[in-house]
Structures are given as C-alpha cells and as structure tokens.
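Colleague: I'd like to ask you about the structure that follows.
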Amino acid sequence: MLKRKREESSKREHNPYRRRVLFFLLLGWGLLLLGDRVSELRVYQGALIAIYALAIGSLILLTGYSGQLSLGQGAFMAIGAYAAALTQIYLQPPLIVTFIAAVVVAALFGAIIGGGAARLSGPYLAGTTLALALGLPTLANLFSFLGGETGLYFDVGIAPERFGAEFTLYKWFFWIAALATLIMLFFIQNILKSRYGRAWKAGRANAAAAQLVGLHVGRRKVLAFTISAGVAGLAGALLGMVSLVAPSTFTLSLSFAIITGAVLAGLTSLTGSILGGLVLVIIPEIAEMVSGNFGESEAVTANIPGLITSLLLILTVLFTPNGPAEQWHHHKEKKKQRAL
Amino acid sequence: MSQTILEIDSLSVNFGGLKALSNVSVNLREGEVLGLIGPNGAGKTTLFNALSGFVPAATGSLKLFGSDHKWPRPDQLVNLGIARTLQGVGLFPELTVLENVMLGADVLAKTGLVRAALGLTRRDEERLAQKAQTMLGRVYAGHLADRRADTLSYPDTKRVAIARALVSEPKILLLDEPAGGLGAQDIAWLNGLIRNLTSSCSIILVEHHMDVVMSVCNRIYVLNFGEVIANGTPEQVRNDDDVIAAYLGASAAHGGEK
Amino acid sequence: MQQVINVFLIGISIGSIYALMSLALVLVWRSTRVVNFAQAGQAIVTTYVAWEVVNRSGSFLMAFILAVAIGGLIGGLVESGMMRTLFKHASDGPVAAVAPVIATLGLLGVIRALVGLIWTNEGKRFESPVSTAGFVIGDTTLPFSRLNLLIICTAAIVMIVFSILFQRTNLGLALRAAAYNPEIARLSGVKVSMTRTIGWVFAGAAGAVAGILVSSNDTLNPYSLDVLFVFGFVAAVVGGLESLVGAVVGGLVLGVGLSFITFYLGTSLVFPTAFIVLVIVLLVRPSGIFGVKGARSA
Amino acid sequence: MTLKVERLVVEHGAIRAIDGISFEVAEGSLAAVIGSNGAGKTTLLRTLSGLKDAKLGKVSWMGRDITGMKPEDLVRRGLAHVSEGKSVIPELTVKENLALGGLWRNNKTELAQSIEEVVEIFPRLGERMSQRADTLSGGERQMLAIGRAHVSKPSLLLLDEPSLGLAPLVVEQIFQTIAMLCRDRGITVLLVEQNALGALAIADKGIIINLGKVVAQGDAKELIDDPALRSAYLGY
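Right under this line is the structure:
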C-alpha cells in the first residue's frame, strides 16, 4: 500500500515537468506561426504582451510567492533597459550577451535594494519602492551618458538575412521578445515549482515555522528580490528595444500597470501572467472602441483605460483577494473535501 | 547513566525591564522525555524561544552534545540536530501536506538554483518526497499527503507538524503543547508516539495537559515567575508543596479569611 | 547668513505642507493600519474642486472650506465603502498583507481617471490667493513671499486645531485610545468602527489642505500630487508612522533639509536625497525618530 | 436576575475552546471561574463581553439575552470587562485611562465623581494622575485597569486573571479590593483566576473548568478541598 503510494508520488513529481516543457514548446511554435498571419500592429502588440507577461511574472514571483510587494518594478525595468542600451552602444556584443547584461545588472541592483527591503514589511516596502520608481528616472538627467529626457537608442539591428526580406523589424522584435519571455517564464516556473518556490511560500505564510525548518527567511527574501529584479530587467530591456530607453518609458504608470496585470492574473500562480499581459494590451483597445461612442475627446481616450483597469483592480482585490486562480483552487479543494 | 546531550546553564531573559527567566538551568539526557510545566506566564515558552533563538538570552550558556555552543539562530537549529514544533502548529497553508513535510527535510536537499531553474530536480524531489511520505506514514497521516494543509482537521495538522519536525532526523525534539486542542483518542496516540520516539531522539515537552506530562515524562522541571521551583520525577514533583502552591495559588494560608 | 535664514524659511513653508500630508497618512495608519496610497488622489479631487470654485466665484476662502469638507467626506466614504469590504473579504490568505496597498492604488487610478475625464489631463494654472512677490526689507527682496507666510500660518492653524482636538476633547481621547489599543477602547465603550471612519475623515481634510497649499501658484494635473505623496510618506516614516508630532516634525525636517539641498546642490538631487533618507531611516532606525522600537515588524 | 450562561460552545478555528459550559451567578455575588492554563477561562470571558462570538449557546444578563452583542454596547448595559494582562493603555496618562471608561456617558460631572471614587479606592492612583500609565508598576496598572472599569459604573464586572504576574502581597490587596467592590457596592463579579485558593477565598461560588468543560461547581469554601480541583490543576 505504502509502496504504491510512493510510486504515485514519484509520478506526481515527474509528470508536470514534461508537460511544462511541452506546453512552452507548443506555445512558442504557435506564437511564431501566428506572427506570420497577422498585421504589423498585432505583431507589435504581441511583443508588448510578451514583455508585460514577463514583467508580471517577475512580480508574481516577488509578491505572490515571497510576499514582498514592490511598486517599483518599473525602476528595475529601467535599470535593465539602460544596462542593455549602454552595453549595446559601447561594446556591441552578440545580442544574447546584451540581454544577459540587462539581467545581471538589474539583479545586482535588486540584491542591493533587496538587502534593505527584506527587513521591511507591507506598506513600508511598498512606499520605499514607490519612491524608487519615482526617483530613479530622474537620475537620467543627472548623468549625461544616460541621455537625459531624450534617452538612449537601443538598436538591436534588423533580422538576419536568412529570415528573408519579408521579415519586418516588428516581427524581429516579436521573435526576440516572445522567445526571451518564454525561456525566462519557463525558468521561473521551474523555480517556483521547486524547493525554492515552496520555501518562499513557507516564509511568507509563517516566518517562525519556516525558520524552524532551517530556512534563513531574510536571505530567501533577498534572493527573491534579486531574481525578480533580474527578470524585470530583461523585460525592461525588451521594452526599451521596442520603444525608447528614456525616463518617459519607465514611468510610475508602468509600475502600476504591472501590478494591475499581476493582480488580475492572480498573484499566486504564474500561469495567468500571459493572460495578464494580454489584458494590459487589450484594455486600451477596448477603451478606444468605447470612447469612440462618446465622441473622441482626448480626455476620454486618455483616461478610460486607466479607469477600467483601476476598477478591475479594486474589484479583484475586494472580491477575489487572492486572485481568481487561488480562489478556484480553494473552491476545488473544498469540493474534493466534501466528496470525501 | 546516559549522557547529558543538552545543558542550559543559568539562562536569563529580559523583556524590557521585566525578567521573564532568571538563572534557569536545565539539562537533558539522551533518550529521556523531559517535561517543562508551570502556571501561565511562568516562562516555559520563553525558554523554548531562547533555546531556538527567537528571543535573545541576557545571560547563560549552552552546551550541546558535550561541547559549548553559542545560542543558535532559529534557522540553524535543524542543522544542529534540534527540531521544534510550534504552539500554533504553523503548517504552511497553501502547500500540500507532503510539501510541508518535504520542507522539513529541505536541509537535506542538494538542488541548487540553476538546476532548479532548468527543472533538473527530479532525483532530489523524489528522495525528499519519499522521506516525507515515510514519515507521514509513521504518524498515520500518509493518506493526507496530497491534501492542502489548510483543509486538514486540527488533530491532523498536529500529526503533520510532528512529521515535519521529525523528517530532519533530529537528535533533540522540542514539543510545544502537542496535546493542546486534542481529544482523548488523539492524546492516547500522542502518548504512545512520544514513548516510541525516545529510541531515536530525546524530547523536551512543554505541556499543560497534566495527564500527558505525568505519564510520558521521565523528569519534570517546574517553572514559576521565571525560575525553576522544582525538578524531579513526576511523583516527586506533584507532591512538592511549592509546586502545589504555584498552581493552586499562594494565598492558601488565607484560605479561611474573609 | 541672511541667505541661510531665507532657505530655512522656504524649507519651513514647503515642509509644513509635507507635514500635513504626513499627518494625513499617519491618521489613517493609526486608525486602520493602512498606508493610504490614494491619499494624494483624494487631495487631487479636492484641489480641482477648489480650482473650479476659485475660477467661478473668485473666493479663495470659500474654495478652501468647500475643498476641506469634501476631502473629509471622500475620506469617510472610502473607509466605510471600500476598506470595510476589503477587511471583510481579504482578512487572510496569501496576499492579505498587500491587499490594502493594492486596493488604495486601484482607488488612486480610478480617481485620476475620473479627474482626467472631468477636467482633462491638461495642466491648469492654480493662481495664488496672495502675492508671490518676496517681502522687501530695505533694498533687498527676499524669496520668502506672502504665499509662503500664508502656507505656514494655514498649516500651523490646522495643526493647532488637531492638537486641541486630540489632546483636549473626548472625541480625541476616544480616537487615541482606539489607535493604541482597539480592544481596550471597545471594552471601555468606544465605537471603534466609528473612530476608524473619523480618522479617515480627518485625514481626508488634512490632505485637502496640503493639496491646495502645494498647488497654489503652480500647475495642477491629475498626477501633480504624486511627489507630495512620496515626500509625505518619507516624512511620516521619519516620524515613525505612529506619532502625530512625529509626522509634523518629520515633514518640517524634510522640508528644510530638501530646501537646503535644492539651493546649494540643485534640484536634481532632491529625489535621490529623499530616497536615501528614507532608506537610511528604515534601515538604521526602522521605528522612526519618534516611534516605538519593534513597531515595524509585521 | 442573574448572569446565566447556557450550554456555551466557542471555537478557535478548529479547536473547541469552550465545550458546552453552563452556570449561573446570582446578582450581587462574587463567582470565581478557576482552572489551569488552557482550560478556556479567557475565552469564556471574552465571549461574555462580546469580543468573541459563541458558536452555540446563550448568555443572558438581568433576564435579557446578550449573546452576540458588541462589547461597546454591553458597556452601556453595565457590563465591564478587565481583560487579561493589566489592560491599560500605556501611552495615555492615568487620568485619561480612567476617563476612557466614562466616555460613553458623556457627562463631565458624573465622570469627575467616578474618578474621585476610584481615587478613594486606590489612593495611589490619585498621586499619579498625570503620569503616563507605562510609568506605573504592575500592581498599579492592575488597579488602574480595575479603576477604569469602575468608572464605567458596571453592574457586572468581569475580571481576567488580575493576579497574573503580581507579587503575593499585591495579589492579596487586589483580591480584597475586588471583594469590597462586590460586598460594599453591590457589583456582581465574575473573577477568572488561575490562583485557585486565593480566588476561592473571596468568592461565594466557585466554578472549576478544565479543557473547556465545567468539572465542578458549587460553594467556594467547599470546593477548596474538592479533589476535582487538584485533578484539574495537577492531573491527579
């Protein structure tokens, strides 16, 4: 009886990984095929979805797992973007090295700030990271090599010739963004499902008990902050690639949008992150359609998306505080229990 | 006579100006169950907290397995061969029972971050899961492995908490009110388990359920106002006048007054 | 020397505005253990209302009174309408600790969008009610103006009213008791759920004053008070987030400090300095200058 | 006209802390609820004063059902609860702590009168009126807590372990004051205590609880020698 149980348990540990690999491969393949069949605008939006999804993933790891809420994810994205742009401008290494540099530099900053952050709880951490998000972009004006308000141009070049002449710049962006995001999300999902993910959840739910099983909760929090900053840095580099590496790209609104996306996606599971990215891109589209009915004044087009996302944010946190995914899990568990 | 494996010498703990513990000395021998009792606020849990690094010791020294040791940080405890359960049970609610117990064995895990990111965790995970499953079986909770911890009944959470403490293979087990909130049947089971465990580890037990304390402990320390007022066998302790006064009230002398 | 005094006075003037915002945050924190990230958003609404009234009637005083009243009303509505529901639904679970932050951020977004819909996102000029020309002593013109004096006096009056209210009245005693220990307050007959709402009402009013003062002689848009919020938060943290006196002192110290930095080192260092101050206070003395030790662990 | 508790059940999450408790306290009498720690004494008091909700059962006072009423409303019905561990607010002054108890009546002269009464009972508090409560000793804090309850002019006083952590001499003094409040001022008192012999010495009635259940109740003096007492505390 016990032996059978053990076999089951090993199967249980083993199957999801293969499923995960398969899922990411299929998703990647599907996306790239899709990229050939839609308009240029949609391709660009696809790249944005991927970038947002990645940024949302970084926040889910940080908040949903290790329990630290950062309002300054945009700041780490900015760090990654500037690091990538500077690397590309001064060193011109292969593209992959540039992106790795973005991850490493942002992670480094994350480790430094996370060292302090690990000692803060809830609102203190939120306020501090908010100050970071507001204050960091002003540094661009302080050092001339950061390009001031106009920012830096992060040029990844055009697609290699072997992809054919039809291969547009936006499609190239989309390929890079989608590939980078898929690979990174795959890594994150693996980590979240490993003993690291369990340890974060444990430390968040009950720090004393987590310490007693031998986890250094503070160090684990710093680790989460570091990884999250690194991932956000990659998302920032990608965003810099499709738009501009300038203070105007990495505003407080961007940080808030990422939080909104993460909350709507359900903070406690990574699976919603792509959906969250999709929502962030779709809502302005819907808003444009809606505001079309009200006569297209600028005040309307500029504010309807914010209104919709903020309302959704409030409603989600009021009525499914732990995110739709967690709510669903809970519901399922209860049903299972009743059936027993 | 068996060896002394843990020795606390004149431990004092202060909260603000308040003395929570003053000059408490306790020693634990190999294979014994040591009871720690006393009225509310006597300092039992404070002693556990000082020993496990949650509150700082003002004075006092610690000897583990015969050699001097600094007061450990909470997260170092497991590596020193000491495991502790918490009064509030402290399971991790969103994790499954199996995952909870696997975390108890996390110190034995080898997977680094890079391997984890690449998903190369299978061997390690299987090993931990197997260990956890075995330990769950030992506390008759094997069938609960896949349940989320927050869906368990209270007695079941206590079983799982003990399994989580045991899976790290401790030499010393600190049990903080394991019988609290349990019914008669579960308490009988607990008594049996504690006796069985002494073959592999020594136990310090904080408990106010007197039946349990009196029936499983080899020796008992009684604390009152942060001081040890008596220690000895259960028989000696419960006939000690100071102990009776501590429990039933110091104004026994005024009994007839009105 | 004269210059130092000038910079100091300007610092006191801006610092007293930070102090008001900080006071608002502390009032909410003490009554519900929430940092209200929508505090600046609430103030934005009242400031626009004030702007509208000034434009239509020309009376600054009327605008001021109306804005403060509406500020209080919004505070009360937010607490009773949104925060109570939140605490009912999100009292436990994995993200319970961050739910209030997220909810108030959402509120901030809603308010900004609504304000933008009503008044558009274009900057509006908020005229100063009094002269902004510096006082003249002999033949030197000081940067310190009537507006600065008005700001200091208004903020001082608000603080005096608050201190009388909290220290000398029954309501004040009930509010303090509920903030320090809600359970004992309830056992003494204090209706704690009401004191919570009142805390938010006062905070809304204080925030409204801060919003008007900081916007006078400046441009107003839906995002223009973000900076005020951040400095108010820094001031509140410096003061320990628990103490009303700490909030005021924190605001003044920050205002004076930043004023000197602006004058001697340039504007671009203001934000980094505020951030560094925040981090240093949080790391070195996490309970703030006036706080009780250990108050900040979750 | 009594305090009447009928088949009360209270749960802490999954744990049943109070498991069907029933007893009565006659008006103007002093009853002591005793038991070792973990017996459910504090939970019982917190349920009576409305801080905790009962799962089942009924509590009535002066013939009226008060189950599920809020603490702030119960104060207005003459019920005062001095919670566990010197329930004063250390950041407030002694005078403010006392005034807190009378806020709900909103009557300045009555309040001043009540505070004077408290000073009569505890002269030491009179000397310390404008000091912050955190400068008081443990015994003085307990006096202040009882004083605050007294200012709210209760007809039923619930006291949770007033002897906790106090030196024997101070305990004796506090107990005598409690007895005096009952005998001279006609306040009904429900005293929850771990210090069994001290509490039973001043009480009319004793109720021994263990693991959430009443194991014995009756005349306080007779309970002192009841074997149930030792068994509840020492397990034999």
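Protein chains in written order, with the working numbering: chain W, 112 to 451; chain L, 4 to 261; chain G, 95 to 392; chain R, -6 to 229.
Positions of the beta carbon are idealized from the N, C-alpha and C atoms, including for glycine.
Keep in mind the model is a prediction, meaning the values are calculated, not measured.
Please check the pair R:A142 and R:A73, which I expect to be a contact at CB under 8 Å, by giving their CB distance rounded to whole angstroms.
Modeller: For the purposes of this step, residue 142 of chain R is taken as the residue at position 149 of the fourth sequence. For the purposes of this step, residue 73 of chain R is taken as the residue at position 80 of the fourth sequence. At roughly 4 Å, the Cβ-Cβ gap stays under 8 Å, so R:A142 and R:A73 are in contact.
Colleague: So with Cβ pairs under 9 Å, would you call W:T379 a contact of chain G?
Modeller: Your numbering for residue 379 of chain W matches position 268 in the first sequence. W:T379 counts as touching chain G.
Colleague: Buried or exposed for L:P158, please, with buried defined as at least 16 other CB atoms from any protein chain shown within 10 angstroms of its CB.
Modeller: Position 155 of the second sequence, counted from the first residue, corresponds to residue 158 of chain L. So L:P158 ends up on the buried side.
Colleague: Can you confirm whether L:G259, when its beta carbon is compared against all beta carbons of chain W, has any partner nearer than 9 Å?
Modeller: Walking along the second sequence from the start, residue 259 of chain L turns up at place 256. Low confidence applies here, because L:G259 scores a pLDDT of 34, under 50, leaving its location unreliable and the question unanswered by this model.
Colleague: What does R:A92 reach in chain G if we use C-beta pairs closer than 7 Å?
Modeller: Position 99 of the fourth sequence, counting from 1, holds the residue named residue 92 of chain R. Within 7 Å Cβ-Cβ: L267.
Colleague: Can you pull the chain G neighbours of W:F367, defined as C-beta to C-beta under 7 Å?
Modeller: Indexing the first sequence from 1 puts residue 367 of chain W at position 256. Going along chain G in sequence order, the residues near W:F367 (Cβ under 7 Å) are L199, G203.
Colleague: Which first and last residues belong to the beta strand (DSSP E) in which L:V92 is found?
Modeller: Taking the first residue of the second sequence as position 1, residue 92 of chain L is located at position 89. Run containing L:V92: none; DSSP gives neither H nor E here.
Colleague: Comparing C-alpha positions only, which one of W:S177, W:R130, W:P127 sits nearest to W:A321?
Modeller: In the first sequence, counting from the first residue as 1, residue 321 of chain W sits at position 210. Per the Cα distances, W:S177.
Colleague: If we call anything under 9 Å between Cβ atoms a contact, is R:K79 one with R:G6?
Modeller: Here the question's residue 79 of chain R lines up with position 86 in the fourth sequence. Here the question's residue 6 of chain R lines up with position 13 in the fourth sequence. Result no, Cβ atoms of R:K79 and R:G6 do not sit closer than 9 Å.
Colleague: To the nearest angstrom, how far is the alpha carbon of R:R39 from that of G:K182?
Modeller: For this step, residue 39 of chain R is matched to residue 46 along the fourth sequence. For this step, residue 182 of chain G is matched to residue 88 along the third sequence. Each residue's alpha carbon lies about 21 Å from the other.
Colleague: Does G:G293 get closer than 9 Å to chain R when you measure Cβ to Cβ?
Modeller: Residue 293 of chain G sits at position 199 when you count from the first residue of the third sequence. Answer no: the Cβ-Cβ gap between G:G293 and chain R never drops below 9 Å.
Colleague: What residues of chain W sit near L:N17, judged by a beta carbon separation below 7 Å?
Modeller: Counted from its first residue, the second sequence places residue 17 of chain L at position 14. By Cβ distance, chain W contributes nothing, its closest Cβ being about 21 Å from L:N17, past 7 Å.
Colleague: Measuring straight from C-alpha to C-alpha, what distance separates L:L101 and L:E129?
Modeller: On the second sequence, position 98 is the one that residue 101 of chain L refers to. On the second sequence, position 126 is the one that residue 129 of chain L refers to. Their Cα atoms are separated by approximately 11 Å.
Colleague: Compute the distance between the beta-carbons of R:I171 and R:P155, then report whether it is under 9 Å.
Modeller: Indexing the fourth sequence from 1 puts residue 171 of chain R at position 178. Indexing the fourth sequence from 1 puts residue 155 of chain R at position 162. In contact: R:I171 and R:P155 (Cβ atoms closer than 9 Å).
Colleague: What are the partner residues of R:R9, as DSSP defines its beta bridges?
Modeller: Here residue 9 of chain R refers to the residue found at position 16 when the fourth sequence is read from its first residue. BP columns for R:R9 point to R:E4.
Colleague: When you compare only the Cα positions, how much space is there between R:E89 and R:L149?
Modeller: On the fourth sequence, residue 89 of chain R is found 96 positions in, with the first residue counted as 1. On the fourth sequence, residue 149 of chain R is found 156 positions in, with the first residue counted as 1. R:E89 and R:L149: Cα-Cα distance of roughly 23 Å.
Colleague: Against chain R, which members of the region 136 to 167 of chain G pass a CB distance test of less than 7 Å?
Modeller: The region 136 to 167 of chain G vs chain R, Cβ under 7 Å: nothing.
Colleague: Can you name, in chain order, every residue of its own chain whose Cβ lies under 6 Å from the Cβ of G:G388, other than the five neighbours on each side?
Modeller: What you label residue 388 of chain G is simply residue 294 of the third sequence in a count that begins at 1. Confidence at G:G388 is low in this model, with a pLDDT of 40, below 50, so its placement is unreliable and the value that follows should be read with caution. Within the same chain, G:G388 has no close Cβ partners at all.
Colleague: Under the rule that 16 or more other beta-carbon atoms within 10 Å means buried, what is L:H279, buried or exposed?
Modeller: This structure cannot settle anything about residue 279 of chain L, because the visible part of chain L is limited to 4 through 261.
Colleague: Does the CB of W:Q179 have a neighbour CB from chain L at under 9 Å?
Modeller: Taking the first sequence and counting its residues from 1, the one referred to as residue 179 of chain W is at position 68. It does not: the Cβ of W:Q179 has no partner Cβ on chain L nearer than 9 Å.
Colleague: Does any residue of chain W bring its CB to less than 9 Å from the CB of G:S362?
Modeller: The residue you call residue 362 of chain G lines up with position 268 of the third sequence. Yes, contact with chain W.
Colleague: Output, in chain order, the set of chain G residues within a Cβ distance shorter than 7 Å of R:I82.
Modeller: Locating residue 82 of chain R in the fourth sequence gives position 89, where the first residue counts as 1. Those are A271, Y274, N275, I278, listed as they occur along chain G.
Colleague: Compute the Euclidean distance between the alpha carbons of L:V104 and W:I171, then round it to the nearest angstrom.
Modeller: Position 101 of the second sequence holds residue 104 of chain L. Position 60 of the first sequence holds residue 171 of chain W. Rounded to the nearest angstrom, the two C-alpha atoms are 24 Å apart.
Colleague: Please classify G:A227: is it buried, with 16 or more other beta-carbons within 10 angstroms of its beta-carbon, or exposed?
Modeller: Counted from its first residue, the third sequence places residue 227 of chain G at position 133. G:A227 is exposed by the Cβ-count criterion.
Colleague: Relative to the alpha-carbon of G:N215, which residue among W:E272, W:S408, W:G139, W:L424 has its alpha-carbon at the smallest distance?
Modeller: What you label residue 215 of chain G is simply residue 121 of the third sequence in a count that begins at 1. Among W:E272, W:S408, W:G139, W:L424, the Cα nearest to that of G:N215 is on W:S408.
Colleague: Using a beta-carbon distance below 9 Å, is G:L281 in contact with chain R?
Modeller: Working through the third sequence from its first residue, we reach residue 281 of chain G at position 187. At least one chain R Cβ lies under 9 Å of G:L281.
Colleague: Output the distance between the C-alpha atoms of L:N26 and L:A132, rounded to the nearest integer angstrom.
Modeller: For the purposes of this step, residue 26 of chain L is taken as residue 23 along the second sequence, with counting starting at 1. For the purposes of this step, residue 132 of chain L is taken as residue 129 along the second sequence, with counting starting at 1. Each residue's alpha carbon lies about 43 Å from the other.
Colleague: Which first and last residues belong to the beta strand (DSSP E) in which L:N26 is found?
Modeller: By 1-based counting over the second sequence, the position of residue 26 of chain L is 23. 21 to 32 is the extent of the beta strand (DSSP E) around L:N26.
Colleague: If you draw a straight line from the C-alpha of W:A346 to the C-alpha of W:F361, how long is it?
Modeller: As a first step, residue 346 of chain W must be located in the first sequence, where it is residue number 235. As a first step, residue 361 of chain W must be located in the first sequence, where it is residue number 250. The alpha-carbon atoms of W:A346 and W:F361 are separated by roughly 11 Å.
Colleague: Classify W:W99: buried if its beta carbon has 16 or more other beta carbons within 10 angstroms, exposed otherwise.
Modeller: Only positions 112 to 451 of chain W appear in this structure, which leaves residue 99 of chain W out of reach.
Colleague: Determine the extent of the alpha helix (DSSP H) in which W:F256 is found, giving its start and end residues.
Modeller: The count along the first sequence starts at 1 and reaches residue 256 of chain W at position 145. Per DSSP, W:F256 belongs to no alpha helix (DSSP H) and is neither H nor E.
Colleague: Unbroken alpha helix (DSSP H) runs of length 4 or more, entirely within the region 210 to 282 of chain W: which are they?
Modeller: Segments of the alpha helix (DSSP H) lying fully in the region 210 to 282 of chain W: 233 to 246.
Colleague: Taking the straight line between their C-alpha atoms, what separation do you get for L:G186 and L:K161?
Modeller: In the second sequence, counting from the first residue as 1, residue 186 of chain L sits at position 183. In the second sequence, counting from the first residue as 1, residue 161 of chain L sits at position 158. One C-alpha to the other measures close to 12 Å.
Colleague: Comparing alpha-carbon positions, which option in G:T367, G:A197, G:I205, G:A191 lies nearest G:I168?
Modeller: As a first step, residue 168 of chain G is located in the third sequence; it is residue number 74 there, counting from the start. The option with the nearest alpha carbon to G:I168 is G:I205.
Colleague: Flag R:A230 as yes if its beta-carbon sits less than 9 Å from any beta-carbon of chain L, otherwise no.
Modeller: With chain R covering -6 to 229 only, the question about residue 230 of chain R has no answer from this structure.
Colleague: Does DSSP put R:A160 in a helix, a strand or coil?
Modeller: Position 167 of the fourth sequence, counting from 1, holds the residue named residue 160 of chain R. DSSP places R:A160 in coil when its eight states are reduced to three.
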